[in-house]
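Trainee: Residue numbers (mature numbering (1 follows the signal peptide of the UniProt record, and there is no 0)): -21 to -1, 1 to 113.
In this text, a Cβ means the ideal position worked out from N, Cα and C, and glycines have one as well.
Right, here's the structure in full:
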């Protein structure tokens, strides 16, 4: 029985509660506040890192949203530009075609004349008119 009592006393002395009590008794009076301050600083640093990660997530989410919008806007702008270019080229082509048709019709009118003198006069007038219109 004496052995059991000594074993129990030894176990209680080595238990975590008694070690904590002994270490608390051995620490200087301001050690608890110093440990609490270190714990506070550690938790503060962890929270700042979490905040930094959340900000990065927000930027990535914003970029993931903005990239397709930018691509759509650029595609839309290029489509409008291409449409305007195509319209300009078509207008120039129609103008050239109209001028060619006018010159062809004028040549037909001149060549339809039977009298050589009248033909020469019409050709000279047509040549003078075409030079002045260009």
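Closest by CA to residue 83, which one among 51, 14, 102, 59?
Mentor: For this step, residue 83 is matched to residue 104 along the chain shown. Checked all of 51, 14, 102, 59; the closest Cα to residue 83 is 102.
Trainee: Just reading off the alpha helix (DSSP H) that residue 71 is part of, what are its end residues?
Mentor: Residue mapping note: residue 71 aligns to position 92 of the chain shown, counting from 1. Element bounds for residue 71: 10 to 90.
Trainee: Whole angstroms is fine: what's the gap from residue 93's alpha carbon to residue 85's?
Mentor: The residue you call residue 93 lines up with position 114 of the chain shown. The residue you call residue 85 lines up with position 106 of the chain shown. When rounded, the distance between both Cα atoms is 15 Å.
Trainee: Determine the DSSP secondary structure at residue 94, reduced to helix, strand or coil.
Mentor: Reading the chain shown from its first residue, position 115 is the one you call residue 94. It is coil, neither helix nor strand.
Trainee: Rounded C-beta distance between residue 89 and residue 68? I'm assuming under 8 Å.
Mentor: Counted from its first residue, the chain shown places residue 89 at position 110. Counted from its first residue, the chain shown places residue 68 at position 89. Not confirmed; about 32 Å, so no contact.
Trainee: Going straight from the alpha carbon of residue 55 to that of residue 62, what length do you get?
Mentor: Position 76 of the chain shown, counted from the start, is the residue given in the question as residue 55. Position 83 of the chain shown, counted from the start, is the residue given in the question as residue 62. Using only the alpha carbons, I get a separation of about 11 Å.
Trainee: Spell out whether any CB of chain D is found under 7 Å from the CB atom of residue 107.
Mentor: Absent here is chain D; the protein component of the structure consists of one chain.
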